[in-house]
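Those protein sequence lines, which keep their order, are chains A and B. In terms of numbering that gives the first Met the number 0, the first sequence is residues 0 to 555. In terms of numbering that gives the first Met the number 0, the second sequence is residues 0 to 543. Glycine included, each C-beta is placed from N, C-alpha and C at the ideal position. Reading through the C-alpha cells given below for one structure.
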Amino acid sequence: MTIPDALTTEAGPGLRIRTSRAVFGAGLLGGIATTSGIALTATSGWLIVRASERPPILLLLTAIVAVRAFGMARPVFRYWERLRSHDAALGDLAARRTTAYRRLIPLTPARLGRRGRADLLTGVVDDLTDVVDAQVRVTVPIISALVATVVATIVLALISPVAGLIIAAMATLIVPVLALGWWLETGSQQTLLRARAEVARVTALVSGNAGELQAIGAGDRAQSWLAAAHAELCRAARRQSHGRAAATGLLLLLTAAGTIAMAVAVLPDVGSTISTPVAALLVLTPIALGDAVSTLPDVARALARSQASAVRLRTLLGQPSAVSATGTLSAQATAGIPPDLSVRALTAAWSGSTPQVGPLDLNVPGRTRLAITGPNGCGKSTLLAVLARALDPSSGRYQLDDQDALAIELGQARRTFAVLDDEPHLFASTLRANLGLARPGSQDADVLDALDRAGLTQWFAELKNGLDTIIGEGGRGVSGGERARLGLARALLSRRPVLLLDEPVAHLDHATADAVLGDLTRSATEQSVIMVSHRRDGLAGFDRVIDLSQQTVDPH
Amino acid sequence: MSRPFDPRLLSQVPATRWPVLALGAIGVVQGLATIALAFAVTDLVVSVVESRAVLTPGVWLAGLFALRALLAAASELVGSWAGLRVSTVLRERLLGSWLTRDADSRPEAGRAQALATQGTTSIEPYVARYLPALVSGAFLPLLAIVTLAFIDWPSALIVTLTVPLLPVFAALIGRTTQDSTQRRWRSLSALSGHFLDVMRGLPTLASYGRAEAQVDSIATVSQRHQLATMKTLRLAFMSSAALELLATISVALVAVTVGLRLAYGIMPLSTAMLAILLAPEAFWPIRRVGTEFHSAADGAEALNDVLAEIDHTVARPNFAGATVSAPDDDQTGVEPSPVVGKGIGYGFPGAGTQVLDDVSFDLPIGLTVITGPSGVGKSTLLELLAGLRRPSEGTLTAPRSHLVSQRPFLTPGTVRDNLTLGNDCDDDEVWQSLRLVGLDDMVIALPDGLETRLGDDGFGLSAGQRARLTLARAALSSAPLLLLDEPTAHLDDESAYLAHQLIQKLAELRTVVAVTHRPELLSLADEHIHLTLRPAVNLAGVPS
C-alpha cells in the first residue's frame with residue numbers, strides 16, 4: 000500500500016496534507032493490536048493441540064501466559080491507538096481549518112462563485128473533515144495491516160520459509176483487491192454526489208412549496224420529480240456498492256486460498272520438521288489474518304472520498320486572488336460623504352480573458368439611487384464586484400471622485416462600500432453582535448436606529464430579550480424578509496457611504512420584496528445606492544434604472 | 000432509542016418489508032455459514048495435525064468461504080439497496096403526505112425540509128449497516144450457543160452465563176455516563192458549529208473587514224473542540240475496550256475448561272478446537288450492534304419522526320364541528336359540480352379570533368367575485384375552497400380545484416414545464432393558452448421559446464408576466480373549480496382586459512371564483528360575495 004495521494008499532495012499554499020508522526024505512531028499501536036489479534040488465534044490453536052498431547056501442565060504455562068497477554072493487548076493497544084489517532088486528527092483539523100480560512104479571506108467573495116456561497120463554504124468545512132478523516136480511516140488501518148502482515152510473515156518464515164512465503168503472498172494480493180475496490184468507488188463517486196444533490200434539491204423544492212403545488216393540482220407531478228431523482232440515486236449507489244462488495248468478497252476468497260495453501264504446504268512436514276501444535280498455529284494464521292484485514296474495504300471508500308475532497312479543496316484554495324492589493328494612496332473622499340463613482344471603457348471578467356461586462360461607461364454621482372437590470376449573464380454582478388473592489392477590472396478606468404480607485408489602499412477603498420447580497424449571514428450570536436460587526440464600537444442607540452430604518456421596528460418590539468436575543472443557527476428563527484431587512488440594518492449601521500446591493504430580494508415573494516425595497520430607498524438617504532436585480536418592478540424609489548444589456552460606451 | 004427496531008416501519012410502510020426481509024435472510028444464512036465454517040476449519044486443522052489427507056476438509060473450507068464471500072458481497076449490495084429503498088420510500092411517503100395535507104397540519108418549513116433531506120438520508124446507514132448487525136447480533140450468538148450445547152455443554156453453559164453480561168455491562172456504562180455524555184455532546188455541537196457558522200458568514204465578515212479578526216477565535220475554538228471531543232471519545236473507546244476485554248475473558252474461561260479436559264484426556268481435540276472457534280461467535284456480533292448503533296442513532300431518531308409524520312391524522316380537536324366533502328364524480332373533466340358552503344368558520348391555529356365566521360354560499364357555474372377589505376379572509380376562503388385549509392365550523396362541498404394564489408409556484412425549469420404543471424396538455428394547447436393571455440409574442444421572442452429555462456422562483460419575469468403565465472396555466476387545468484387570487488393586480492389595463500376576457504370565457508363551463516379589487520372584473524361577475532369585517536356574517540350570493 001502506498002501512502003495515499005490525499006495525504007501527500009499539496010492543497011494550495013500553506014495547506015500541505017501530511018501524515019504526522021503522531022498518526023504514524025498510532026498506526027504502529029494499531030499494528031500491535033492487530034498483530035495481537037492474529038497471535039491470539041494462532042497461539043490458542045497451538046495451545047489446544049499441545050494440551051491434547053497431555054504434557055505436564057507446567058509446560059503449558061508459558062503459552063497460557065502468552066495467550067492471555069495477546070488477549071489483553073488487543074483491546075488495550077486498540078484503545079491507545081484510537082486515542083492517539085483521533086487526537087492527532089483533531090489537532091490537524093484545528094490547524095487546517097485556520098489555514099484554509101486564512102487562505103479563503105483574499106478569495107472572498109469573487110472566487111466563491113456567484114450564488115450559493117454559503118453552501119460552497121459548508122462544502123469546504125465537510126471536505127476538510129473528510130481529508131483529516133483519511134488519517135484515522137486510511138493511514139492508521141493501512142499501517143496497522145502492514146505491521147501485522149510483516150510481523151506475521153517474519154515469524155512464520157522463521158518457523159517455515161514456505162509458510163512465510165504464503166503469508167507474504169496473501170498480504171501482497173490484498174493490495175490489488177483494495178485497489179479494485181478503490182477504483183470502483185472513485186469511478187462512481189461523482190455521479191453519486193450529483194444524484195444526492197439532485198434529490199436534496201427536489202426535496203427542498205417540493206417540501207418548501209407543498210401548499211402551492213397542491214393548489215395547482217401538481218402534487219403527482221412533484222412526486223414524479225422525486226421518483227426520477229430517486230431512480231438516478233439508486234442507480235449511482237448500486238454502482239458504488241459494487242466496489243465494496245467486490246473487495247469484501249475477494250478478501251474472503253483470498254483467506255480461503257491462503258488457508259488451503261498453508262494446509263497443503265505444511266502437511267508433508269507435520270511430525271518431522273513441524274510439530275503438530277505448530278502446524279495448527281500455521282494453518283490458523285491465514286484465517287486470523289483474513290479476519291484482521293476484513294475491514295480494509297472501508298479504507299478504499301474513505302480514501303476515495305478524501306481524495307475527491309482534497310481535489311476540491313486544492314482547486315478552490317489554489318485560485319489566485321481576484322484583486323490586487325497594490326494600492327497605497329489613502330482615500331481623499333471625506334468620511335461619510337458618498338463619492339462620485341465613474342467608470343470609463345471598463346471591462347471585467349471573473350476568469351479568462353473574455354469580458355463579462357463592458358466596455359462600459361457609467362457615472363454615478365454621490366447620493367444617486369441607481370438600479371441596474373438586465374437578463375442573466377449581462378454582467379450585472381461582475382460590475383458590482385468591480386465597484387466593490389472585490390474584482391480587478393480587465394481594462395478601463397474606475398474612479399472614486401478624482402482618484403483612481405485601484406490606487407487607493409484596498410482596505411480603505413472597500414470601506415467605502417457596504418455590500419448586501421441575497422444571503423446575508425446571521426451568526427449564531429446576539430442581535431447586537433450580528434449588527435455591530437459592521438461597525439465595531441457602535442452604541443445600542445445606533446443599532447436600534449438601524450433596525451428602525453430597515454423596517455424592523457415591529458419585529459424588534461416583539462423580542463423579549465431585545466438586542467440580547469440570540470439569532471442565527473439554533474436561535475430565534477427569522478423569515479426571509481426579516482433576514483433581508485437585518486442585512487439592510489447591518490449595512491445602514493456601517494454608515495459606509497455607498498450601498499451595493501446584489502439581488503437583495505431574490506428569494507423573497509413579490510409583496511415582501513417590494514416592501515423591503517421600499518424601506519430601503521426610503522431610509523438610505525445619506526448614501527449612494529446601487530442595486531442590481533433581475534426584477535424590473537418595485538424600482539419606484541430609484542432615481543435611475545438602466546438596462547445593462549443596452550449600456551455601452553458613452554459617446555460623450 | 001427505546002426499542003432496537005421499530006415494527007411500525009413494516010406495518011406502516013409495506014414497501015420496506017422486502018428490503019428488511021432480504022437483509023434478515025442474508026444475515027441468517029451468513030450466521031449458518033459462519034457456524035459451518037467453524038466445523039470446516041476444525042476439520043482442516045485436525046486433519047493437518049493428524050497428518051490425514053486435507054482434500055475433503057479443504058474442499059469444504061473452500062466451498063464455505065466461497066459461500067461466505069458471496070453472502071458478504073450480497074450483503075453489501077443488498078444493504079446498500081435496502082438502505083436506499085427504505086429511505087427513498089419514506090421520503091416519497093413523507094412528501095406525499097405533505098402534498099395532500101392541509102396547511103395547518105404540515106410541519107414548519109425548516110423542520111420539514113431538514114426531516115425530508117438529512118433526516119431520511121440518515122435512515123440509510125440505519126438500515127444498511129445497523130439492521131444487519133442487529134440480525135446477526137440476535138441470531139449468531141443464539142446459533143453458536145445451541146451448536147455448542149450439542150458438542151460440549153459445559154462450554155455452552157459458560158457462554159450462556161457470560162453473554163448477557165455484555166449488554167448489561169454496556170447499559171451500566173451507558174447509564175452512569177449518560178448525563179456527562181449528553182452535556183458534552185451539546186457543548187461539542189456548539190463548538191463544531193462555530194467554525195461552520197464563521198465559514199458560512201465569511202462573505203459577510205469579509206465585506207465588513209472583520210474576517211481577519213476571526214482567525215484567532217477559530218484556532219481557540221478548534222482547540223477547545225479537540226479537548227472536548229477527546230474527553231467524549233476517551234469514554235466511548237474505554238467502554239468499547241472494556242466490552243472487548245469482557246468478551247476475551249469469557250472466551251478464556253471456555254478455553255481454560257476445554258484445556259483442562261484436554262490435558263486430562265477426557266475430550267477429543269476436534270471438540271475442543273470447535274468450542275474455541277465457536278465461543279467468540281457468540282460475543283463479537285453483540286459488540287458490533289453497539290458500534291453500529293452509534294453511527295445509526297441519528298437514523299433511528301429520524302425514523303421515529305418520519306413515521307410519526309406519515310401516521311399523522313388530520314383531525315384537530317377544535318375542528319370536530321366541520322365536515323368537508325368532495326363530490327364523487329369530480330375526477331372526470333369539466334363536469335359541473337356543486338360548490339356549497341354552509342356556516343363556514345375558520346380561525347388560524349393558535350390564534351384566538353376567527354378569520355371567517357358563518358359564511359354560506361352555493362356557487363353555480365359562472366364567475367363569482369369575492370371582494371372585501373384586506374384582512375377580511377378572502378384568500379383564506381379561497382384556500383378553504385381549494386382544500387388547502389380545513390374549516391373549523393360548517394360544511395363545505397367542493398370539487399377538485401386549481402388555485403392561482405398570490406405567490407404561485409414556478410419551478411426552475413422550462414416555460415413548458417411550468418405551463419404543464421398539473422395538466423398533460425400538448426404544445427398546441429399551451430400556445431393557445433399563451434395567446435389568450437397575450438404572452439405568446441414574448442415567449443416566441445425568448446431564445447429557446449417554450450424550452451427557455453426560468454431561473455430560481457421564475458426570475459427574469461416581471462410580476463405581470465408571472466401573473467399572466469400562471470393564469471395561462473390555470474386555463475389549461477381541467478379542474479371544474481378555478482380559484483383566482485387577485486389575478487390581474489399586477490397587470491396594465493391592456494393585459495388585464497385580455498385576462499378578464501379569458502376569465503369570463505373560462506367561467507362559461509365551470510365555476511370560477513376570483514378575489515379582486517378590479518371593478519372591471521367585478522362587472523363581469525355572475526355572483527358577488529362581499530366579505531365585511533366584524534361583525535362578520537354575511538353573505539349569500541348576491542346576483543349582480
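Residues within the segment 523 to 548 of chain A neighbouring chain E, beta-carbon criterion of under 9 Å
Protein chains A and B are contained in the structure displayed, whereas chain E is not.
- Query: Is the segment 38 to 52 of chain B touching the segment 21 to 29 of chain B in the sense that three or more CB pairs, one from each, lie closer than 8 Å?
  - Reply: Contact between the segment 21 to 29 of chain B and the segment 38 to 52 of chain B is absent, because fewer than three Cβ pairs lie under 8 Å.
query = Going by the beta-carbon positions, is the gap between B/Val-47 and A/Ala-278 smaller than 7 Å?
reply = Reading the second sequence from its first residue, position 48 is the one you call residue 47 of chain B. Reading the first sequence from its first residue, position 279 is the one you call residue 278 of chain A. Result yes, Cβ atoms of B/Val-47 and A/Ala-278 sit closer than 7 Å.
Considering only their Cβ atoms, is the gap separating A/Arg-101 from B/Glu-75 smaller than 7 Å? The residue given as residue 75 of chain B occupies position 76 in the second sequence. The residue given as residue 101 of chain A occupies position 102 in the first sequence. Against a cut-off of 7 Å, the Cβ pair of A/Arg-101 and B/Glu-75 comes out as no contact.
Thinking C-alpha only, which one of A/Gly-351, A/Ile-141, A/Gly-335 and A/Thr-346 is nearest A/Pro-319?
Along the first sequence, one-based indexing puts residue 319 of chain A at 320. Of the listed residues, the one whose Cα sits closest to A/Pro-319 is A/Gly-351.
Going by the DSSP bridge assignment, what does B/Lys-341 pair with across the sheet?
The residue you call residue 341 of chain B lines up with position 342 of the second sequence. BP columns for B/Lys-341 point to B/Thr-394.
Do A/Gly-335 and A/Pro-439 come within 7 Å of each other at the CB atom, strictly closer than that value?
Locating residue 439 of chain A in the first sequence gives position 440, where the first residue counts as 1. Locating residue 335 of chain A in the first sequence gives position 336, where the first residue counts as 1. No.
Any C-beta of chain B within less than 9 Å: which residues of the segment 206 to 219 of chain A qualify?
Ser-206, Gly-207, Asn-208, Ala-209, Gly-210, Glu-211, Leu-212, Gln-213, Ala-214, Ile-215, Gly-216, Ala-217, Gly-218 and Asp-219
Worksheet entry | Segment contact, 8 Å Cβ cut-off, at least three pairs: the segment 215 to 224 of chain A with the segment 419 to 434 of chain B | The segment 215 to 224 of chain A vs the segment 419 to 434 of chain B: in contact.
Whole angstroms are fine: how far does the CA of B/Ile-172 sit from the CA of A/Leu-177? In the first sequence, counting from the first residue as 1, residue 177 of chain A sits at position 178. In the second sequence, counting from the first residue as 1, residue 172 of chain B sits at position 173. One C-alpha to the other measures close to 37 Å.
Self-check item: Beta-carbon proximity list for B/Gln-503, same chain, < 6 Å, skipping 5 on both sides
Solution: By one-based count along the second sequence, residue 503 of chain B stands at place 504. Taken in chain order, the residues that qualify are Leu-523.
Anyone know if the C-beta pair for A/Ser-305 and A/Ala-133 falls short of 7 Å? Here residue 305 of chain A refers to the residue found at position 306 when the first sequence is read from its first residue. Here residue 133 of chain A refers to the residue found at position 134 when the first sequence is read from its first residue. Yes; because the gap between Cβ atoms is below 7 Å, this pair is in contact.
Minimum C-alpha distance to B/Glu-308 - residue among B/Phe-4, B/Leu-8 and B/Pro-3:
To locate residue 308 of chain B, count along the second sequence from 1; it is residue 309. Considering only alpha carbons, the answer is B/Leu-8.
Taking 8 Å as the cut-off, does the segment 260 to 272 of chain B touch the segment 156 to 164 of chain B (at least 3 CB pairs, one atom from each stretch)?
By the criterion of at least three beta-carbon pairs nearer than 8 Å, the segment 156 to 164 of chain B is not in contact with the segment 260 to 272 of chain B.
Residue nearest to B/Val-288 in terms of C-alpha spacing, selected from B/Leu-130, B/Leu-63 and B/Gly-78:
Translated into positions along the second sequence, residue 288 of chain B becomes position 289. Closest option to B/Val-288, judged by alpha-carbon separation, among B/Leu-130, B/Leu-63 and B/Gly-78: B/Leu-130.
Is it buried or exposed for B/Phe-408, if we count other Cβ within 10 angstroms and need 16 for buried? Against the second sequence, residue 408 of chain B aligns to sequence position 409. It counts as buried.
- Can you find a CB in chain A that lies within less than 7 Å of the CB of B/His-401? Locating residue 401 of chain B in the second sequence gives position 402, counting from the first residue. Closer than 7 Å to some Cβ of chain A, the Cβ of B/His-401 qualifies, so yes.
* Asked: What's the C-alpha gap between B/Val-313 and B/Phe-292?
  -> Numbered from its first residue, the second sequence carries residue 313 of chain B at position 314. Numbered from its first residue, the second sequence carries residue 292 of chain B at position 293. Residue placement at B/Val-313 is flagged as unreliable, the pLDDT there being 44, under the threshold of 50; a coordinate-derived value is accordingly withheld.
As a quick exercise: from B/Ala-71, B/Ala-241, B/Trp-17 and B/Asp-491, pick the residue whose alpha carbon is nearest that of A/Met-558. Any question about residue 558 of chain A goes unanswered here, given that chain A covers just 0 to 555.
- Item | Residues near A/Gly-11 by beta carbon distance below 7 Å, same chain, minus five either side | Looking up residue 11 of chain A in the first sequence gives position 12. Interpretation of A/Gly-11 is limited by its pLDDT of 41, a score under 50 that renders its predicted location unreliable; no figure is taken from the coordinates.
Should A/Lys-463 go down as buried or exposed, given a rule of 16 or more other Cβ atoms within 10 Å for buried? On the first sequence, position 464 is the one that residue 463 of chain A refers to. Exposed, since its Cβ has fewer than 16 Cβ neighbours within 10 Å.
Residues in the segment 254 to 267 of chain A with C-beta within 7 Å of chain B's C-beta atoms, listed in sequence order? Thr-254, Ala-255, Thr-258, Ile-259, Ala-262, Val-263, Val-265 and Leu-266
Exercise. Expressed to the nearest angstrom, what Euclidean distance is found between the alpha-carbon atoms of A/Arg-535 and B/Leu-226?
Worked result: Stepping through the first sequence from its first residue, residue 535 of chain A is reached at position 536. Stepping through the second sequence from its first residue, residue 226 of chain B is reached at position 227. Whole-angstrom Cα-Cα distance: 53 Å.
- Give a yes or no on whether the minimum CB-CB distance between B/Val-442 and chain A is below 7 Å. Taking the second sequence and counting its residues from 1, the one referred to as residue 442 of chain B is at position 443. False, the Cβ-Cβ gap to chain A never drops below 7 Å.
**Asked** Within this structure, are the beta carbons of A/Gln-411 and A/Ala-330 separated by less than 7 Å?
**Response** Residue numbering aside, residue 411 of chain A sits at position 412 when the first sequence is read from its first letter. Residue numbering aside, residue 330 of chain A sits at position 331 when the first sequence is read from its first letter. Yes, Cβ-Cβ distance for A/Gln-411 and A/Ala-330 is below 7 Å.
To be precise: take each residue of the segment 215 to 234 of chain B, compare its Cβ to all Cβ atoms of chain A, and keep it if any distance is under 8 Å. Which residues remain?
Ile-217, Ala-218, Ser-221, Gln-222, His-224, Gln-225, Thr-228, Met-229, Leu-232 and Arg-233
Give a yes or no on whether 7 Å exceeds the smallest Cβ distance from B/Ser-135 to chain A. As a first step, residue 135 of chain B is located in the second sequence; it is residue number 136 there, counting from the start. Not flagged as an interface residue toward chain A: B/Ser-135, since no C-beta distance is shorter than 7 Å.
Strictly under 7 Å for the Cβ-Cβ distance: is A/Ser-19 near chain B by that measure? As a working note, residue 19 of chain A is residue 20 in the first sequence. No, no contact with chain B.
B/Ile-275: contacting residues in chain A (beta-carbon distance under 7 Å): Within the second sequence, residue 275 of chain B is the residue found at index 276, counting from 1. The answer, in chain order, is Ser-43 and Ile-47.
- prompt: Are the C-beta atoms of B/Phe-236 and some chain A residue less than 7 Å apart?
  reply: Position 237 of the second sequence, counting from 1, holds the residue named residue 236 of chain B. B/Phe-236 counts as touching chain A.
- Message: Using a Cβ-Cβ distance cut-off of 7 Å, determine whether B/Gly-544 contacts chain A.
- Response: Nothing in the structure corresponds to residue 544 of chain B, since chain B is present only between 0 and 543.
Review point. Counting pairs of beta carbons, one from the segment 273 to 280 of chain B and one from the segment 246 to 258 of chain B, are three or more of them closer than 8 Å?
Key: yes
| request: Show which residues of chain B have a CB atom less than 8 Å away from the CB atom of A/Cys-233. | output: Here residue 233 of chain A refers to the residue found at position 234 when the first sequence is read from its first residue. Near A/Cys-233 (Cβ distances below 8 Å), the residues of chain B are Trp-80, Leu-83, Arg-84 and Thr-87.
Quiz item: What does A/Ala-347 pair with, by DSSP beta-bridge criteria?
Solution: On the first sequence, position 348 is the one that residue 347 of chain A refers to. Bridge partners of A/Ala-347: A/Val-356.
### Query
Would you say B/Arg-16 faces chain A, with C-beta separation under 7 Å as the test?
For the purposes of this step, residue 16 of chain B is taken as residue 17 along the second sequence, with counting starting at 1. Taking Cβ atoms only, chain A never reaches closer than 7 Å to B/Arg-16, which makes this a no.
_Closest by C-alpha distance to A/Arg-153, when choosing among A/Leu-434, A/Leu-281 and A/Glu-211_ = Numbered from 1 along the first sequence, position 154 holds the residue referred to as residue 153 of chain A. Contrary to the premise, residue 153 of chain A reads as Ile rather than Arg in this sequence. Checking every option, the nearest Cα to that of A/Ile-153 belongs to A/Leu-281.
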